[in-house]
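Participant:
2 protein chains.
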Amino acid sequence: MTTEEKIFEAAFKVFQNKGFMGARMQEIADEAGINKAMLHYFFRSKEKLFEAVFMNAFGKLAPQINEIFNSDDDLFEKIRKFTASYITFVIEYPFLPQFIIQEMNNNPDFVEKFLKEEQRPNPIKLVKQIERAIELGEIMPLSPKQLLLDIFSMTVFPFAAQTLVKGIIAISDDEFIALMEARKVHISTQIINAIQKG
Amino acid sequence: MTTEEKIFEAAFKVFQNKGFMGARMQEIADEAGINKAMLHYFFRSKEKLFEAVFMNAFGKLAPQINEIFNSDDDLFEKIRKFTASYITFVIEYPFLPQFIIQEMNNNPDFVEKFLKEEQRPNPIKLVKQIERAIELGEIMPLSPKQLLLDIFSMTVFPFAAQTLVKGIIAISDDEFIALMEARKVHISTQIINAIQKG
DNA sequence: ACCTTTGCTAACCAAATGGTTAAACTTAAT
DNA sequence: ATTAAGTTTAACCATTTGGTTAGCAAAGGT
Chain X
117 MTTEEKIFEA AFKVFQNKGF MGARMQEIAD EAGINKAMLH YFFRSKEKLF EAVFMNAFGK
177 LAPQINEIFN SDDDLFEKIR KFTASYITFV IEYPFLPQFI IQEMNNNPDF VEKFLKEEQR
237 PNPIKLVKQI ERAIELGEIM PLSPKQLLLD IFSMTVFPFA AQTLVKGIIA ISDDEFIALM
297 EARKVHISTQ IINAIQKG
Chain A
117 MTTEEKIFEA AFKVFQNKGF MGARMQEIAD EAGINKAMLH YFFRSKEKLF EAVFMNAFGK
177 LAPQINEIFN SDDDLFEKIR KFTASYITFV IEYPFLPQFI IQEMNNNPDF VEKFLKEEQR
237 PNPIKLVKQI ERAIELGEIM PLSPKQLLLD IFSMTVFPFA AQTLVKGIIA ISDDEFIALM
297 EARKVHISTQ IINAIQKG
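Those sequence lines, one after another, are chains X and A.
In my numbering, each residue's number is its place in the first sequence (first place is 1) plus 116.
In my numbering, each residue's number is its place in the second sequence (first place is 1) plus 116.
Printed below as a string of structure tokens:
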């Protein structure tokens, strides 16, 4: 593994745990087992290093989401696939959602920067699909945006608010993962039950 | 308004915007329009000041939640009341959820500190109520914890991930509030549709 | 009038932090 | 073997940061 990769991985870890403000360049260097000056040698500044890490993190999630948004599956199938595959993915990177959400909240200007990108998750196809399903009478009439929010909320929230959730419903890390595994089918079942006609 | 109150409000504002790590004592002092030494005069340290602010923030939310958890209402009524009153409350303090979630995630040890408190939201009564409703055949069989998570997710997530949500579904602050207003009844409708039998 | 307490300020301090520099080491091409 | 480029280190720097101190001013009790 090259020094640059070591730095990147260390930075990923530290930024995820402490956030941009909480992260210390020295800690990243220690974590990578190299001299602090190397951080600046490979990535000019803390901002630049963070940007690299953040973009990479977001770049992992975005295609996951986009693939579902834009697939040709039937609406129900899409919902089933999305919740399942998203949770599978996030169980591997449990801190990605809270990391992304936190940094976006702390730096709203930063948001625009990558919302212009090609990779940017764009739900318009899914929204149209929902509208069509309503017209066809396949599902109850509702606001597509609300439905989108429902799906995202149920899927992402438990990871974003991990510590709070574990604390309030009083479960261990292992129990949390088990709960999330079960959630893969629970969420789509709930949502489809709610919107399905008849 | 006393100096202490001025400090507290300024701290509340700054901590909420920047988080514990991002907040600067000088900025709090400036915001309060007083000398930095006064912060330490009234609240020994940054940690203590933060703790005061955080506990106050959490203390605002907890009773809201607990009241619903422990009321004697029927399950469906409880769900309706909770989503509506929680959203009403949070629209007034839109940054409270993300603040609490962020600081808990960044400082998991801190969690235990107040999860011992009397005020601590405790869902066991509601969980039993859900179990009973299942036994009575009023709702479909499901895991009470999942249902709890569903309710919380749908209610809290849009506020916790505010910046991301506004960015992805491309809406303004005003539209966001309107969407949340509509959500007061949307959420309970969806959930009740999903779990109700027949 | 005198003293004690409380609120407040300006100046100061030590530690931490992001960043730089100059020199040394490594590698591979000439 | 020499050179040139890239890599790595230790020491250093300027600034920021949380926190302290000594002294002033006002208020209130005696």
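The beta carbon of each residue, even a glycine, is placed where N, CA and C say it ideally should be.
Leaving out the 5 sequence neighbours to the left and right, which residues in its chain are closer than 8 Å to A200(A) when beta-carbon positions are compared?
Facilitator: Same-chain partners within the cutoff: K300, V301, S304.
Participant: If L155(X) and L165(X) are in contact, beta carbons under 8 Å, what's the gap, nearest whole angstrom?
Facilitator: Indeed they touch by this definition, with Cβ atoms about 6 Å apart.
Participant: From this set, I144(X), A173(X), N172(X), which residue's C-alpha is nearest S161(X)'s C-alpha?
Facilitator: Cα-wise, what sits closest to S161(X) is I144(X).
Participant: On a Cα-Cα basis, can you pick out the residue from E208(X), F185(X), I216(X) that is closest to T279(A)?
Facilitator: Of E208(X), F185(X), I216(X), the residue nearest in Cα terms is I216(X).
Participant: Hey, which unbroken runs of the alpha helix (DSSP H) at 4 residues or more fall wholly within the stretch 150-227 of chain A?
Facilitator: Listed in chain order, the complete alpha helix (DSSP H) runs (minimum 4 residues) inside the stretch 150-227 of chain A are 152-158, 162-186, 191-208, 212-222.
Participant: Hey, quick one: how far does the alpha helix (DSSP H) through S269(X) stretch, first residue to last?
Facilitator: Looking at the DSSP string, the run of the alpha helix (DSSP H) that includes S269(X) is 260-276.
Participant: Mind pulling the chain X residues with CB within less than 8 Å of P257(A)?
Facilitator: Per Cβ cutoff of 8 Å: no residues; P257(A) is ~11 Å from chain X at best.
Participant: Considering only C-alpha positions, which residue in the set N186(A), F275(A), V243(A), M141(A) is nearest to P260(A)?
Facilitator: Among N186(A), F275(A), V243(A), M141(A), the Cα nearest to that of P260(A) belongs to V243(A).
Participant: Quick one: does F273(X) have its CB under 7 Å from some CB of chain A?
Facilitator: Answer yes: the Cβ-Cβ gap between F273(X) and chain A drops below 7 Å somewhere.
Participant: Hey, could you find the ends of the alpha helix (DSSP H) T119(X) is sitting in?
Facilitator: Unbroken alpha helix (DSSP H) run through T119(X): 119-138.
Participant: Counting only Cβ pairs nearer than 8 Å, list the residues of chain A close to H156(X).
Facilitator: Correct list: empty, because the minimum Cβ distance to chain A is about 21 Å.
Participant: Determine the chain A residues that contact Q218(X) at a beta-carbon separation under 9 Å, and present them in chain order.
Facilitator: What Q218(X) touches in chain A: G135, Q214, I217, Q218, N221, N222.
Participant: Mind checking if M270(A) is an interface residue toward chain X, Cβ cutoff 7 Å exclusive?
Facilitator: Yes, because at least one Cβ of chain X sits closer than 7 Å to the Cβ of M270(A).
Participant: I believe I203(X) touches M296(X) by the beta-carbon criterion, under 8 Å. Please report the beta-carbon distance rounded to the nearest angstrom.
Facilitator: Yes, they are in contact, since the Cβ atoms of I203(X) and M296(X) sit about 6 Å apart, within 8 Å.
Participant: Looking at Q180(X) and F205(X), is the spacing between their C-beta atoms short of 7 Å?
Facilitator: A contact, by the Cβ cut-off of 7 Å.
Participant: Along the alpha helix (DSSP H) that carries L295(X), what are the first and last residues, could you check?
Facilitator: Element bounds for L295(X): 289-311.
Participant: Do you know offhand how far G135(X)'s Cα is from K152(A)'s?
Facilitator: In a straight line, the C-alpha of G135(X) is about 26 Å away from that of K152(A).
Participant: So, at 7 Å on beta carbons, what are the nonlocal neighbours of P237(X) in its own chain, with the 5 sequence-adjacent residues on each side left out?
Facilitator: If we look at P237(X) and ignore the five residues flanking it on each side, its Cβ neighbours are A178, I181, N182, F185.
Participant: With distances taken between CB atoms, is the gap from S269(X) to F275(A) smaller than 7 Å?
Facilitator: It is not a contact, given that the beta carbons lie outside the stated cut-off.
Participant: Are the C-beta atoms of P210(A) and some chain X residue less than 7 Å apart?
Facilitator: Chain X, which has no Cβ nearer than 7 Å to the Cβ of P210(A), makes this no.
Participant: Starting from the C-beta of N222(X), find all residues in its chain whose C-beta is less than 8 Å away, skip the five residues before and the five after it, and write them out in chain order.
Facilitator: Once the five neighbours on either side are set aside, the close Cβ partners of N222(X) are G135, F136, M137.
Participant: For F170(X), which option in G283(X), N133(X), I195(X) has the closest C-alpha, if you only look at C-alpha atoms?
Facilitator: The residue with the shortest Cα to Cα distance from F170(X) is N133(X).
Participant: For T279(X) and chain A, any beta-carbon pair shorter than 7 Å?
Facilitator: At least one chain A Cβ lies under 7 Å of T279(X).
Participant: Please go through the same chain and pick out, in chain order, the residues whose beta-carbon is closer than 6 Å to the beta-carbon of A249(A), but skip the five residues on each side of it.
Facilitator: Here the set comprises L191, I255.
Participant: Does I246(A) get closer than 7 Å to chain X when you measure Cβ to Cβ?
Facilitator: By this cut-off, I246(A) is not an interface position.
Participant: Can you look up I255(A) in the DSSP assignment and give me helix, strand or coil?
Facilitator: Strand, per DSSP.
Participant: Let's test the definition: count the other Cβ atoms within 10 Å of the Cβ of Q218(A) and tell me whether it reaches 16, buried, or not, exposed.
Facilitator: Answer is buried; the Cβ neighbour count reaches 16.
Participant: Return the Cβ separation of A168(A) and F124(A) in integer angstroms, given the expectation that the two are a contact with Cβ distance under 8 Å.
Facilitator: Between F124(A) and A168(A) the Cβ distance is about 7 Å, and since that is below 8 Å, they are a contact.
Participant: For A148(X) versus K129(X), is the C-beta spacing smaller than 7 Å?
Facilitator: For A148(X) and K129(X), no; Cβs fall outside 7 Å.
Participant: Identify each residue in the stretch 292-309 of chain A for which the Cβ-Cβ distance to at least one residue of chain X is less than 9 Å, and report them in chain order.
Facilitator: For the stretch 292-309 of chain A, which is checked against every Cβ of chain X, the residues closer than 9 Å are L295, A298, R299, H302, I303, T305, Q306, I307, I308, N309.
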